[in-house]
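To start, the structure itself, in structure tokens.
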Amino acid sequence: MVFTPSRESGSKDGFRELLEANYQKRSLVHVSAGSHVPLLKNNVWLVVRGMVKLSAITIHGDEMLLGLAGPNEPFGDPLNGVEAYAATTLADTDLLCLSCSEIRQDGTLAVAMLEALGQRIQQSQALLALMGLKRVDERVRGFLELLASEYGQPCESGLRLNLRLTHQEVASALATTRVTVTRVIGALRDEGWLQLDSQRRLVVSYLPRR
1 MVFTPSRESG SKDGFRELLE ANYQKRSLVH VSAGSHVPLL KNNVWLVVRG MVKLSAITIH
61 GDEMLLGLAG PNEPFGDPLN GVEAYAATTL ADTDLLCLSC SEIRQDGTLA VAMLEALGQR
121 IQQSQALLAL MGLKRVDERV RGFLELLASE YGQPCESGLR LNLRLTHQEV ASALATTRVT
181 VTRVIGALRD EGWLQLDSQR RLVVSYLPRR
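In case it helps, the UniProt record's numbering puts the sequence shown at residues 1 to 210.
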């Protein structure tokens with residue numbers, strides 16, 4: 001494999017249990033796939049179900065993928081240091097809104113949030129590491145491995161990605177072109193490492209690299 005991030009699920013499970021125990025009565029905000037999530041000052045969004053794409057617009061008007069937020073992962077204006085920052089749902093998503101003041105006042109919640117932020121930082125570092133690979137095919141393969149390891153669902157053929165990123169979005173994340181990403185993904189499918197299931201969702205195979 002090109003890249004296999006080491007991520008532990010224990011902190012995510014603990015965060016989920018904490019939220020279920022303390023915020024059962026809080027109303028979730030449901031956002032349909034393909035919608036923009038408003039970024040509220042002094043408030044942090046937490047993904048309960050679904051997936052959110054975090055992006056920014058460059059000075060040349062191009063979209064740049066900054067990362068993804070999946071279940072039990074936070075995002076929001078207080079966590080952002082980039083101009084023209086935007087959050088868009090990649091699937092039907094349920095969100096929990098937490099104010100910075102209540103996070104500061106609840107020590108257990110603050111620690112859990114810190115651990116969740118640490119995982120987001122690991123993802124950002126992993127994306128930066130991929131950018132250091134000279135070969136674009138290795139960047140694409142590594143990017144898909146990263147997504148599968150963090151968000152993939154086990155299936156008979158490997159890990160299914162229940163999120164839909166366009167070839168252009170992958171290209172923006174990896175500083176390459178849509179045409180190149182399409183070519184590499186086609187080669188990975190020919191190799192058998194990447195497959196499409198009956199719902200046309202990508203499945204990253206358990207097959208070793210050639």
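Note that the Cβ used here is the ideal one computed from N, Cα and C, for glycine as well.
Beta-ladder partner(s) of residue 212, from DSSP: Since the displayed the chain opens at 1 and closes at 210, residue 212 lies outside it and no answer follows.
- Item | 8 Å contact criterion, which L28 and L96 should meet: CB distance rounded | Correct: roughly 6 Å between the Cβ atoms.
Segment contact flag, the region 39-51 with the region 97-116, C-beta cutoff 8 Å, min 3 pairs:
The region 39-51 makes contact with the region 97-116; the number of CB pairs closer than 8 Å reaches 3 or more.
* **Spatial distance of I103 from P71 (CA atoms)** => As the crow flies, the alpha-carbon of I103 is around 18 Å from that of P71.
(message) If contacts are defined as beta-carbon pairs under 8 Å, then L174 and F143 qualify, I think. What distance do you get, rounded to the angstrom?
(response) With a beta-carbon spacing of about 6 Å, L174 and F143 fall inside the 8 Å limit used to define contacts.
With distances taken between CB atoms, is the gap from M51 to A87 smaller than 8 Å?
-> No. Outside cutoff.
Could you have a look at V204 and say whether DSSP puts it in helix, strand or coil? Here V204 sits in strand by DSSP.
- prompt: Which stretch, first to last residue, makes up the alpha helix (DSSP H) that contains R189?
  reply: From DSSP, the alpha helix (DSSP H) with R189 extends over R178 to E191.
Report all residues from its chain with a CB closer than 7 Å to the CB of I121; omit the five preceding and five following residues, and keep chain order. Scanning its chain for C-beta atoms nearer than 7 Å, with the 5 sequence neighbours on each side dropped, one finds no residue around I121.
_Taking a contact to mean a Cβ-Cβ separation below 8 Å, would you say L54 touches L39 in this structure?_
No, the pair does not count as a contact, with Cβ atoms beyond the cut-off.
Q) Ends of the beta strand (DSSP E) at R139? A) That residue, R139, is in no beta strand (DSSP E); its alpha helix (DSSP H) goes V136 to Y151.
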